[in-house]
Amino acid sequence: MKSIEEIHKSLINNEISPETLLNECVTKSKEIQKKCNAFITIIDKYKLEKVNENIISSIPFGISDNISTKDILSTSSSLSLKNYIPIFNATCVEKLLNKGAVISSKTNIDEYGKNNYGINGFNGVIKNPWNNEYVAGVGNACAVSYGVYPFAIGTEMSTEIRKSASYCCVVGYKPTYGLISRYGLFAYASSLDTIGVFTRNVKDAAYLVNEMKGKDEKDMTSVYSDDISLIDEIDKDIKNIKLCYIKELCNNEFKENLSKFMERIEEIRNMKITIEEISVDKNILDQIYNTHKIISNAEASSNLSNLTGIIFGPREEKENYIDMIKEYRTKNLSSEIKKSLILGSYTLYKNNKDKYFNNACKVRRLIVNTWKNIFKKYDAIISPILTTAPLIKEVKKVKNKYDKIDSHLLVSVLGGFPSITIPNGFINNIPIGINITSNIYEDAKLLNIAHKIEKQEYRNLTIKEEK
Amino acid sequence: MTKEDIIKYADRLFINLNEKEINELITEFKELEESSNELSNISSKTDLEPLYYCIEDIKSEFRKDTIEESISVSDAFKNSSKHTEDEIEIVKVVQ
Numbered sequence: 000m001k002s003i004e005e006i007h008k009s010l011i012n013n014e015i016s017p018e019t020l021l022n023e024c025v026t027k028s029k030e031i032q033k034k035c036n037a038f039i040t041i042i043d044k045y046k047l048e049k050v051n052e053n054i055i056s057s058i059p060f061g062i063s064d065n066i067s068t069k070d071i072l073s074t075s076s077s078l079s080l081k082n083y084i085p086i087f088n089a090t091c092v093e094k095l096l097n098k099g100a101v102i103s104s105k106t107n108i109d110e111y112g113k114n115n116y117g118i119n120g121f122n123g124v125i126k127n128p129w130n131n132e133y134v135a136g137v138g139n140a141c142a143v144s145y146g147v148y149p150f151a152i153g154t155e156m157s158t159e160i161r162k163s164a165s166y167c168c169v170v171g172y173k174p175t176y177g178l179i180s181r182y183g184l185f186a187y188a189s190s191l192d193t194i195g196v197f198t199r200n201v202k203d204a205a206y207l208v209n210e211m212k213g214k215d216e217k218d219m220t221s222v223y224s225d226d227i228s229l230i231d232e233i234d235k236d237i238k239n240i241k242l243c244y245i246k247e248l249c250n251n252e253f254k255e256n257l258s259k260f261m262e263r264i265e266e267i268r269n270m271k272i273t274i275e276e277i278s279v280d281k282n283i284l285d286q287i288y289n290t291h292k293i294i295s296n297a298e299a300s301s302n303l304s305n306l307t308g309i310i311f312g313p314r315e316e317k318e319n320y321i322d323m324i325k326e327y328r329t330k331n332l333s334s335e336i337k338k339s340l341i342l343g344s345y346t347l348y349k350n351n352k353d354k355y356f357n358n359a360c361k362v363r364r365l366i367v368n369t370w371k372n373i374f375k376k377y378d379a380i381i382s383p384i385l386t387t388a389p390l391i392k393e394v395k396k397v398k399n400k401y402d403k404i405d406s407h408l409l410v411s412v413l414g415g416f417p418s419i420t421i422p423n424g425f426i427n428n429i430p431i432g433i434n435i436t437s438n439i440y441e442d443a444k445l446l447n448i449a450h451k452i453e454k455q456e457y458r459n460l461t462i463k464e465e466k
Numbered sequence: 000m001t002k003e004d005i006i007k008y009a010d011r012l013f014i015n016l017n018e019k020e021i022n023e024l025i026t027e028f029k030e031l032e033e034s035s036n037e038l039s040n041i042s043s044k045t046d047l048e049p050l051y052y053c054i055e056d057i058k059s060e061f062r063k064d065t066i067e068e069s070i071s072v073s074d075a076f077k078n079s080s081k082h083t084e085d086e087i088e089i090v091k092v093v094q
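Protein sequence lines, in the order shown, are assigned to chains A and B. Mapping of the first sequence onto numbering that gives the first Met the number 0: residues 0 to 466, in sequence order. Mapping of the second sequence onto numbering that gives the first Met the number 0: residues 0 to 94, in sequence order.
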């Protein structure tokens, strides 16, 4: 499968027409929908525009169903929004459409983007394209991996982009918090939610985020980034870069995954790049999961309080408004979301806030400061992803067990750090990735490192070609 | 945390729970308590301020005081299942 740059060249040189490209995309979408249930909506009627000079012009792409798309069903994989058709585009979507890109599908996710397994959306389980018995995470990783289109836009509240990318053998990049406006993203946990991308190579990810970034007056937490160019530095030499990995993350039961990770570390060292082993207080590492869980539940309980079924969502007919809302929430929210809201609101009660929420936020600062101190000495942290995609039947039974594995990846959302997962081969024919994380605003450096160390054999690999 | 407590907290959010959800929440509240104790063991050793937002140097600006086109009434009603020409219909709030 071609990269964005190559597809653009083919379009400009009339080697392929936009119509052919879009028709192929629809055919592949239908194929993978049957096999993996990757989508909520497939768009098969397009308004074709002329190819322009922009690199993403006339190229189809997918968008997570929890991002607002004007006049296109956007359910966030929840029954509570099963008929919701937004009247506006998210800022990131608007930017891509202005450059000529074409929306091809709304992709399946876990309800409200919470979790990275793809097992609890109302539209059913998302299956891994490499082996249908395993989870895929989110539908956009699935679609990019299958070669439906070269890129998709996703969201991350915990590790949804980066772990799904690892499960499906694609690149998953979560930029610095605020680099891409959150306007139009259905908020779950506002201080953690980030929009990011799935691609088949690092350079494509850089192109895309470059197009979407920027201060947005509709999102006060978006940041100025005119001085950040993600493309200009991508090919820079990285001889003087210093990387590290955390020893405590490499001492556990996932031997096969770790040996794959250490093999890669050696290969990178052979490229004359410095990688040192460092140590982080185990007590801090052990509290990352708890900290994230308390904060995300609390913020969700506030953000999702607008779900009443009155202004939007399927209305339930009852004699008074309290019973209406109760019936709507009880019938249309999954157990997973209901439990999160109850736990989250409990931690925000006046008498509980210090004990739970504020306490978690103090530890959040401690964790984030620990990472920031590492970044004073190192350009980036390279980390293993400890699990390949779990079996669907297994994760349904013991989800909690899997939630706690790879909790080190949560630091990136707690601290707003840019973080990217790139493919690192296969274990028993199931893909596995490695993760690289840098300090905030150092996205250009992060992409430069990732681009230099990504393996040629996985660049632009799709499942169809592999098979 | 008792079953009655959980039903009371759920009710405050206008949510009804089934038996399975209540039992799962009893376990989850126990875990929350344990987590909170573990977090306190760490946080009590530092005098750090809570971190609510990861980016603390966000420059907030007032929007310009200019009137901008808003959404139309018909757009605003597109996702509400019951409405008249200019109002969303709802059951009586004051009975």
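The C-beta atom is built at its ideal place from N, Cα and C for all residues, glycine as well. Quick caveat: nothing in here was measured; it's all calculated off a predicted structure.
Using DSSP with H/G/I as helix, E/B as strand and the rest coil, what is Val-362(A)?
-> Helix at Val-362(A).
Between the stretch 151 to 168 of chain A and the stretch 124 to 135 of chain A, are three or more C-beta pairs nearer than 8 angstroms?
-> By the criterion of at least three beta-carbon pairs nearer than 8 angstroms, the stretch 151 to 168 of chain A is in contact with the stretch 124 to 135 of chain A.
Let me know the secondary structure DSSP gives Leu-24(B) once reduced to three states.
-> Reduced to three states, the DSSP call for Leu-24(B) is helix.
Going by beta carbon distance, what residues of the same chain come within less than 8 angstroms of Asp-405(A), once the five residues before and after it are set aside?
-> Closer than 8 angstroms at the Cβ level, and outside the excluded window around Asp-405(A), lie Thr-158, Lys-162, Ile-384, Leu-385 and Thr-386.
If we cut at 8 angstroms on Cβ distances, does Ser-42(B) have a partner in chain A?
-> Taking 8 angstroms as the threshold, the shortest C-beta distance from Ser-42(B) to chain A falls below it.
Could you list which residues in chain A have their beta carbon closer than 7 angstroms to that of Asp-74(B), in chain order?
-> In chain order: Ile-86.
Please work out which residues of its chain come closer than 7 angstroms, Cβ to Cβ, to Phe-425(A), disregarding the five sequence neighbours upstream and downstream, and give them in chain order.
-> The residues are Ile-431.
Could you check how far apart the C-beta atoms of Ser-67(A) and Gly-183(A) are, in whole angstroms? I think they sit under 8 angstroms.
-> The Cβ separation is near 4 angstroms, so the contact holds.
Skipping 5 residues on each side, what residues in its chain have a beta carbon closer than 6 angstroms to that of Ile-6(B)?
-> Same-chain partners within the cutoff: there are none.
Have a look at Asn-107(A) and Lys-27(A) and give me their C-alpha separation to the nearest angstrom.
-> Looking at the two C-alpha atoms, the distance is approximately 16 angstroms.
Segment limits, alpha helix (DSSP H) that includes Thr-290(A) | Unbroken alpha helix (DSSP H) run through Thr-290(A): 287 to 302.
Alpha helix (DSSP H) containing Thr-346(A): first to last residue?
-> In the DSSP assignment, Thr-346(A) falls within the alpha helix (DSSP H) that extends over 334 to 347.
Range of the contiguous beta strand (DSSP E) that encloses Ala-379(A) | Ala-379(A) -> beta strand (DSSP E) spans 379 to 383.
Can you list the residues of chain A that Thr-45(B) reaches, using a CB-CB cut of under 8 angstroms?
-> Within 8 angstroms Cβ-Cβ: Lys-361 and Leu-365.
List the residues of chain A that Glu-48(B) touches, going by C-beta distances under 9 angstroms, in chain order.
-> Residues of chain A passing the Cβ test: Cys-360, Lys-361 and Arg-364.
State yes or no: is the beta carbon of Phe-311(A) nearer than 8 angstroms to at least one beta carbon in chain B?
-> Yes, Phe-311(A) counts as interfacial toward chain B.
Answer yes if the stretch 115 to 124 of chain A comes into contact with the stretch 360 to 369 of chain A, meaning at least three C-beta pairs across the two stretches below 8 angstroms, and no otherwise.
-> With the cut-off at 8 angstroms, the stretch 360 to 369 of chain A and the stretch 115 to 124 of chain A do not touch.
Going by other Cβ atoms of all chains shown within 10 Å of its Cβ, with 16 needed for buried, is Phe-185(A) buried or exposed?
-> Burial of Phe-185(A) is indicated by the presence of at least 16 other C-beta atoms within 10 angstroms of its C-beta.
Using 8 angstroms as the threshold, is the stretch 273 to 286 of chain A in touch with the stretch 38 to 55 of chain A, meaning 3 or more CB pairs across them?
-> No, because fewer than three Cβ pairs between the stretch 273 to 286 of chain A and the stretch 38 to 55 of chain A fall closer than 8 angstroms, the two stretches do not touch.
Alpha carbon to alpha carbon, how far is Ser-144(A) from Tyr-176(A)?
-> Distance between the alpha carbons of Ser-144(A) and Tyr-176(A): 25 angstroms.
Could you tell me the distance, in whole angstroms, from the CA atom of Lys-466(A) to the CA atom of Glu-326(A)?
-> Caution is warranted here: a pLDDT of 44 is assigned to Lys-466(A), below 50, making its placement in the model unreliable, and the coordinate value is therefore given only provisionally. Taking the Cα positions, Lys-466(A) is about 48 angstroms away from Glu-326(A).
Whose C-alpha, out of Asn-82(A), Ile-62(A), Phe-121(A) and Gly-414(A), is nearest the C-alpha of Leu-96(A)?
-> Minimum Cα distance to Leu-96(A) is reached at Ile-62(A).
Give, in chain order, every unbroken run of the alpha helix (DSSP H) that is at least 4 residues long and sits entirely within the stretch 386 to 450 of chain A.
-> Correct list: 391 to 396, 398 to 403 and 410 to 414.
Start-to-end residues for the beta strand (DSSP E) that takes in Lys-173(A) = Unbroken beta strand (DSSP E) run through Lys-173(A): 170 to 173.
Quick one: grab the DSSP three-state call for Pro-313(A).
-> Reduced to three states, the DSSP call for Pro-313(A) is coil.
Which residue comes first and which comes last in the beta strand (DSSP E) that contains Tyr-327(A)?
-> From DSSP, Tyr-327(A) is part of no beta strand (DSSP E) but of the alpha helix (DSSP H) over 320 to 331.
Under 8 angstroms, do Lys-105(A) and Phe-87(A) count as touching if we go by C-beta distance?
-> Pairing Lys-105(A) with Phe-87(A) gives a Cβ-Cβ distance that is not under 8 angstroms.
Going by Cα to Cα distance, which pick from Glu-110(A), Lys-217(A) and Glu-266(A) is closest to Leu-303(A)?
-> Looking only at Glu-110(A), Lys-217(A) and Glu-266(A), the smallest Cα-Cα distance to Leu-303(A) is reached by Glu-110(A).
Are the C-beta atoms of Tyr-66(B) and some chain A residue less than 8 angstroms apart?
-> Per the sequence presented here, residue 66(B) reads as Ile, with Tyr not at that position. False, the Cβ-Cβ gap to chain A never drops below 8 angstroms.
Rounded C-beta distance between Ile-274(A) and Ile-287(A)? I'm assuming under 8 angstroms.
-> Going by Cβ atoms, the distance from Ile-274(A) to Ile-287(A) rounds to 22 angstroms, so no, they are not a contact pair.
If the cut is a Cβ gap below 7 angstroms, which residues of chain B does Leu-323(A) touch?
-> The residue asked about is misnamed: residue 323(A) is Met in this sequence, not Leu. By Cβ distance, chain B contributes Val-90.
Is the Cβ of Ile-14(B) closer than 8 angstroms to any Cβ of chain A?
-> Ile-14(B) belongs to the set of residues whose beta carbon lies under 8 angstroms from a beta carbon in chain A.
Which residues in the same chain have their Cβ closer than 6 angstroms to the Cβ of Leu-72(A), if we skip the five residues on either side of it in sequence?
-> Cβ neighbours of Leu-72(A) beyond the five flanking positions: Thr-40 and Ile-84.
Run of the alpha helix (DSSP H) containing Val-25(A), from where it starts to where it stops = Per DSSP, Val-25(A) belongs to the alpha helix (DSSP H) from 17 to 35.
Taking 8 angstroms as the CB-CB cut-off, is Leu-78(A) touching chain B?
-> Leu-78(A) does not count as touching chain B.
Tell me whether Cys-91(A) sits in a helix, a strand or coil according to DSSP, three-state version.
-> Residue state, collapsed to three classes: helix.
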